[in-house]
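One structure is given here, and the rest of the page talks about it.
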Amino acid sequence: GAGVSQSPSNKVTEKGKDVELRCDPISGHTALYWYRQSLGQGLEFLIYFQGNSAPDKSGLPSDRFSAERTGGSVSTLTIQRTQQEDSAVYLCASSLGRGAQVLSGELFFGEGSRLTVL
Amino acid sequence: DAKTTQPPSMDCAEGRAANLPCNHSTISGNEYVYWYRQIHSQGPQYIIHGLKNNETNEMASLIITEDRKSSTLILPHATLRDTAVYYCIVRVRDSGYALNFGKGTSLLVTP
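Residue numbers (the working numbering), protein chains in the order written: chain A, 260 to 377; chain B, 660 to 770.
Here it is, written out as structure tokens:
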């Protein structure tokens, strides 16, 4: 597709359940980012993938959060044993990344996945 | 990355210029100034970036002071659709690190 695609757009789950959120970046973008945004708050960085390098996981809030990126393209963010404080919009972004013909370092964001934990 | 300071909120009348300030007094020589905005319920959108020269594109103009310690994003003729949170971010371009978004400035464009 032309832009970053995320699914599901909305997810309601019960406390304690696991959830998976998917991000399909723009074709050819080697860098992929996950952020989350709680209601009324700014964007909180979670994790960053760049090509085949080890991901920067420094923003993951706990070991219940993990992410993978298969084949350098699609990424899945997994939250295990969800808690109510995990409720937020989870945003994915991609960019051309390092070493490419980077014009601006611009990040392209998807529309987000809204997670509600009851 | 250098820290930025922005006013939490601003108002602007429709059709007037919106001037959004950003202080980045600890900016280093290889750090760029980026501006993004986030319209309600949407993902952030890139607006413009610059190093030391003023920049202009179809969306906005970016004025960077000579000492690079502050900048101003200018929306020349604000419309109601420009109501959004505007984020000023300073970062080494393509540094391999994620952009750190602060709280930004909430701009309200009024009729």
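Virtual Cβ for every residue (Gly too), placed ideally from N, Cα, C. Note that the structure is predicted; figures quoted are calculated from it, not measured.
Setting aside the 5 residues that flank it on each side, residue 763(B) is surrounded in the same chain by 665, 744, 745 and 746, each with a C-beta closer than 7 Å to its C-beta; the list follows chain order.
Under a criterion of Cβ atoms nearer than 7 Å, the residues of chain B adjacent to residue 365(A) are, in order, 705.
Non-local beta-carbon contacts of residue 297(A) in its own chain, meaning distances under 7 Å to residues more than five positions away in sequence, involve 347 in chain order. Residue 302(A) has a beta carbon lying within less than 8 Å of a beta carbon in chain B. Under the Cβ distance rule, residue 662(B) does not count among the residues neighbouring chain A, no pair being separated by less than 8 Å.
Ranked by Cα distance from residue 287(A), the first of 374(A), 353(A), 308(A) and 369(A) is 353(A). When secondary structure is reduced to three states using DSSP, residue 327(A) falls in the strand class. In chain B, no part has a C-beta under 8 Å from the C-beta of residue 349(A); the shortest such distance is about 11 Å. Under a criterion of Cβ atoms nearer than 7 Å, the residues of chain A adjacent to residue 701(B) are, in order, 370. Chain order gives the chain A residues near residue 763(B) as 301, where near means a beta carbon separation below 8 Å. Cβ-Cβ distances below 6 Å link residue 684(B) to 728 in the same chain, with the five nearest sequence neighbours on each side left out; the list follows chain order. The beta carbon of residue 337(A) is closer than 6 Å to those of 279 and 325 in its chain, skipping five residues each way along the sequence. In this structure, residue 263(A) places its C-beta atom within 8 Å of the C-beta atom of residue 369(A). Cβ contact annotation for residue 345(A) (same chain, cutoff 7 Å, sequence separation greater than five): 338, 374 and 376, in chain order.
The beta carbons of residue 767(B) and residue 679(B) sit no closer together than 8 Å.
Residue state for residue 665(B) is assigned as coil, using DSSP reduced to three classes.
The DSSP-derived three-state label of residue 740(B) is helix.
Nearest Cα to residue 770(B) within the set 662(B), 670(B) and 692(B): 670(B).
Taking a C-beta distance under 8 Å as the contact criterion, residue 333(A) and residue 277(A) do not qualify as a contact pair.
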